[in-house]
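Take a look at the structure below.
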């Protein structure tokens, strides 16, 4: 399975250009999560961490869907639906939930590219949910968008940044969705940082 970039969690996010200032949710060591609300009181998140890792390791981790639940909080499973080219992947991701909240799913397209000079790799995630049948027992998330930025640093460190938004849809109260989103994002970044050490090997087409 390639590039599980659809995951980031059961966010209740939807953002417009008019947004409040970023506020800190939680920072522990190198991992931090921030959030802000748009004019409709909907949530956007961004997260950052640093790890002793190559850029290639991050890509390998995303491909290892068999172990996704070990690091991507609230994620149940994922399925690769298509791979138009080596840098583009269409993925169907399923999320767990605790009653009375319904399970969610989403279908996204992820495209990555790397600047050969700086080594910075970016991944753009966009929503394709409207193009695929809905799954019984899951609420299809909407308006999913995300951007990953991986920046090599001195001494073998890698800065990992994510900014994203999505509409959890359904009848999920915003205050519940916001809490779930922020908590899951922070847990994911903490676990991501830990898991990377297991994936340190070259990746085709990635410059280190």
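In my numbering, the protein residues as written are 1181 to 1388.
By construction, the Cβ of each residue, glycine as well, lies at the ideal position given by its N, Cα and C atoms.
From the DSSP output, in three-state form, read off residue i for me.
i, result
"residue 1364", "helix"
"residue 1306", "strand"
"residue 1315", "coil"
"residue 1385", "coil"
"residue 1340", "strand"
"residue 1189", "Here the model assigns residue 1189 a pLDDT of 41, short of 50, so the residue's position is not dependable and the matter cannot be decided."
"residue 1357", "helix"
"residue 1334", "helix"
"residue 1183", "Bear in mind that the predicted position of residue 1183 carries a pLDDT of just 47, short of 50, making it too unreliable to give a figure here."
"residue 1258", "strand"
"residue 1348", "coil"
What's the call for residue i, buried or exposed, on a 16-neighbour Cβ count within 10 Å?
i, result
"residue 1311", "exposed"
"residue 1204", "exposed"
"residue 1233", "buried"
"residue 1307", "buried"
"residue 1229", "buried"
"residue 1254", "buried"
"residue 1202", "exposed"
Between residue i and chain D, is the shortest Cβ-Cβ distance under 8 Å, so that the two count as touching?
i, result
"residue 1371", "The structure shown contains no chain D, having only a single protein chain."
I need the boundaries of the beta strand (DSSP E) containing residue i, first residue and last residue.
i, result
"residue 1296", "Segment: none, residue 1296 is in no beta strand (DSSP E) and carries neither H nor E."
"residue 1230", "1223-1232"
"residue 1207", "1203-1208"
"residue 1252", "Unbroken run through residue 1252: none, as it is neither H nor E."
"residue 1270", "1268-1275"
"residue 1212", "1211-1217"
How far does the alpha helix (DSSP H) with residue i in it extend, from its first residue to its last?
i, result
"residue 1239", "1235-1243"
I need the straight-line Cα distance from residue i to residue j, nearest angstrom please.
i, j, result
"residue 1248", "residue 1215", "24 Å"
"residue 1355", "residue 1321", "17 Å"
"residue 1380", "residue 1225", "28 Å"
"residue 1269", "residue 1286", "14 Å"
"residue 1337", "residue 1319", "38 Å"
"residue 1304", "residue 1265", "15 Å"
"residue 1197", "residue 1345", "Its pLDDT being 43, under 50, residue 1197 is placed unreliably by the model, and the measurement read from it follows with that caveat. Approximately 12 Å between the Cα atoms of the pair."
"residue 1349", "residue 1290", "21 Å"
"residue 1332", "residue 1299", "7 Å"
"residue 1370", "residue 1240", "17 Å"
* Asked: Taking three-plus beta-carbon pairs below 8 Å as touching, is the region 1255-1264 in contact with the region 1295-1303?
  -> At 8 Å Cβ cutoff, the stretches do not touch.
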